[in-house]
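Take 647 as the starting number for the sequence shown in this note's numbering and just add one per residue.
Quick notes on the structure that follows.
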Amino acid sequence: PGISTEQNFNFEEHGFNLLTLTVNEHTGTHIDAPLHFSADGASVDEIPVGNLVAPLCVVDIAARAADDADAQLTPDDLKAWIAANGPIPDGACVALHSGWAAKTGSDAFRGFDGEAQHYPGFHVEAAQMLIEETGARSIAVDTLSLDHGPSADFATHYAWLPSGRFGIENVAGLDRVPA
């Protein structure tokens with residue numbers, strides 16, 4: 647829906663300017679709370695603050711995403727990360743680094759081709775693996791959605807969020823932190 651503003655006070659009449667700014671809650675870097683894809687999940691304000699500080703596990707699929715805008719982080723990517731770095735810590739945030747943050751502010755970020763959007767995301771089987779085999783509390787992406795762009799069913803959202811975990815979308819700087 648974009649951003650809208652309403653002028654509440656103006657300099658000419660009041661000696662200062664003040665606007666009301668309205669944005670969609672899924673604008674910029676934001677949290678997808680469990681409530682986003684469940685009838686009774688926690689809202690953002692109900693996520694314990696301690697869960698927002700977490701060990702970060704960055705899974706880099708940027709090379710694959712450079713060749714395939716619809717690339718997905720898979721269970722094999724998670725297994726490779728674990729083999730190289732050790733177990734995913736309890737409470738971790740597992741972040742997908744696709745290189746997409748570099749496209750922010752351009753049409754390439756959405757990758758809309760007239761029919762669908764195209765950008766990387768988590769494969770539902772990777773989300774299920776994290777739920778079943780780790781104590782990860784959150785997943786994060788440097789794209790618009792936890793699901794890859796052409797997803798019509800939001801399978802990753804529906805698997806991850808109702809499990810009581812949360813997601814973080816539009817994350818910047820994943821190329822500057824260690825795995």
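Cβ atoms here follow ideal geometry from the backbone N, Cα and C, with glycine treated the same way.
Task: Length of the line joining the Cα atoms of L681 and G687 - done: The sequence position of residue 681 within the sequence shown is 35, counting from 1. The sequence position of residue 687 within the sequence shown is 41, counting from 1. The straight-line gap from Cα to Cα measures roughly 4 angstroms.
- [ ] Identify every residue that forms a DSSP beta bridge with E815.
- [x] On the sequence shown, residue 815 is found 169 positions in, with the first residue counted as 1. Answer is H676, bridged to E815.
Task: Alpha carbon of S784 to alpha carbon of S744, nearest angstrom - done: Locating residue 784 in the sequence shown gives position 138, counting from the first residue. Locating residue 744 in the sequence shown gives position 98, counting from the first residue. Spanning the two alpha carbons is a distance of roughly 17 angstroms.
TODO: Over the uninterrupted beta strand (DSSP E) stretch that includes V705, give me the two end residues.
DONE: Within the sequence shown, residue 705 is the residue found at index 59, counting from 1. Here the beta strand (DSSP E) through V705 covers 702 to 706.
Task: Neighbourhood of L664 by C-beta, 6 angstroms cutoff - its chain only, sequence neighbours within 5 removed - done: For the purposes of this step, residue 664 is identified with residue 18 of the sequence shown, where counting begins at 1. Correct list, in chain order: N654, F655.
TODO: Please report how far the alpha carbon of L742 lies from the alpha carbon of T780, in whole angstroms.
DONE: As a working note, residue 742 is residue 96 in the sequence shown. As a working note, residue 780 is residue 134 in the sequence shown. If I take the Cα positions, the gap works out to 16 angstroms.
Open item on the list: Which of the three DSSP states is assigned to N731 in this structure?
Closed with: The sequence position of residue 731 within the sequence shown is 85, counting from 1. Helix at N731.
TODO: Could you tell me whether the Cβ atoms of L792 and G767 are closer together than 7 angstroms?
DONE: Residue numbering aside, residue 792 sits at position 146 when the sequence shown is read from its first letter. Residue numbering aside, residue 767 sits at position 121 when the sequence shown is read from its first letter. In this structure, G767 lies closer than 7 angstroms to L792 by Cβ.
TODO: Please go through the same chain and pick out, in chain order, the residues whose beta-carbon is closer than 8 angstroms to the beta-carbon of V817, but skip the five residues on each side of it.
DONE: Against the sequence shown, residue 817 aligns to sequence position 171. Excluding positions up to five away in sequence, the list reads T675, A741, A747, A786, V787, D788.
- [ ] Report yes or no: do the segment 718 to 730 and the segment 770 to 778 share at least 3 C-beta pairs separated by less than 8 angstroms?
- [x] yes
TODO: For L664, name the three-state secondary structure that DSSP assigns.
DONE: Locating residue 664 in the sequence shown gives position 18, where the first residue counts as 1. Strand, per DSSP.
TODO: Note the first and the last residue of the continuous alpha helix (DSSP H) segment covering I777.
DONE: The count along the sequence shown starts at 1 and reaches residue 777 at position 131. Its alpha helix (DSSP H) spans residues 770 to 779.
TODO: Give a yes or no on whether the C-beta atoms belonging to A729 and V770 are separated by under 7 angstroms.
DONE: Mapped onto the sequence shown, residue 729 falls at position 83. Mapped onto the sequence shown, residue 770 falls at position 124. No, Cβ-Cβ distance for A729 and V770 is not below 7 angstroms.
Open item on the list: To the nearest angstrom, how far is the alpha carbon of D759 from that of G737?
Closed with: If you number the sequence shown from 1, residue 759 lands on position 113. If you number the sequence shown from 1, residue 737 lands on position 91. Each residue's Cα considered, the two are about 37 angstroms apart.
Task: Which residues DSSP lists as bridging G767, in chain order - done: Position 121 of the sequence shown, counting from 1, holds the residue named residue 767. DSSP output for G767 lists Q718 as bridge partner(s).
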